[in-house]
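Trainee: So in this note's numbering, the last one in the sequence shown is 202, and the numbering has no gaps at all. We treat Cβ as the ideally placed atom computed from N, Cα and C, and that holds for glycine. Below you'll find the structure I mean.
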Amino acid sequence: MNKFFETLSSYSFGKVGVIALVAAGLYWYMLYDDGSAIDAQISAVSQQLREQESKKADTDNTLKQVREMQEKVGQLTAKYQEISRRLPTDLYSIDINKAIDSFAKASGVSIKLKRPGDNIKKEVVEEVPVDVSVEGTFAQISQFVYVVTSAEKMTRVKNVVISESADGAKRLKLDAQVVGFKLAPEAQKSEQQP
């Protein structure tokens, strides 16, 4: 290195200036990096980072939805198990007729008509309807409807029509459909299979 400096010191100031300019030019065009390559790399990495953050946000959102769906499925499963535990697997219109007789006796209404309807199969339950016509005071009819809807096997009174009794007394007539529910046969099969 000392020889280089000795040789350089032997040149005139003009020659050293020209050599310095040539060396600076070579450095500028060949070796100098103004940071544009690093800026390009930083920009590319930043873009990749934004894409990955977007994917992470989408993944987090999807995972949140999955957790919510799992919670809802768990709640629905618990509700279904509760319903299937409470609902009988066998329920016939004769059972409902017997219950209607006891409810009528307890509430003081007189039964004028009981006619079983066709069972209506739904996805999970099967409806067992019985058309009924009873007469009594407003309080008796109200008590009858309350007792029927409070019963474990019968939870619904549909198509309710209340009118004055035909005999002219101060009695009312209730025409309705008392519906009992039982577990549908397909639901029983799927419940038994794990």
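Straight-line CA distance for W36 to K63?
Mentor: In a straight line, the C-alpha of W36 is about 42 Å away from that of K63.
Trainee: Short of 8 Å in beta carbon distance, which residues of its chain neighbour R94, apart from the five on each side in sequence? Order them along the chain.
Mentor: Correct list, in chain order: E160.
Trainee: With distances taken from CA atoms, which of Y154, V136, G25 and V168 is nearest I104?
Mentor: Cα-wise, what sits closest to I104 is V136.
Trainee: How long is the line joining the alpha carbons of F21 and I46, rounded to whole angstroms?
Mentor: Going from the Cα of F21 to the Cα of I46 covers about 37 Å.
Trainee: Buried or exposed: S115, going by 16 or more other Cβ atoms within 10 Å of its Cβ?
Mentor: Answer is buried; the Cβ neighbour count reaches 16.
Trainee: Using the rule of at least 16 other Cβ atoms within 10 Å of the residue's Cβ for burial, across every protein chain shown, is Q148 buried or exposed?
Mentor: When all chains shown are included, Q148 counts as buried.
Trainee: Using only CA atoms, which one of N127, V81, E90 and K80 lies nearest to S101?
Mentor: It is N127.
Trainee: Using a threshold of 7 Å, state whether the C-beta atoms of F189 and V155 are closer than that.
Mentor: Going by C-beta atoms, F189 is not nearer than 7 Å to V155.
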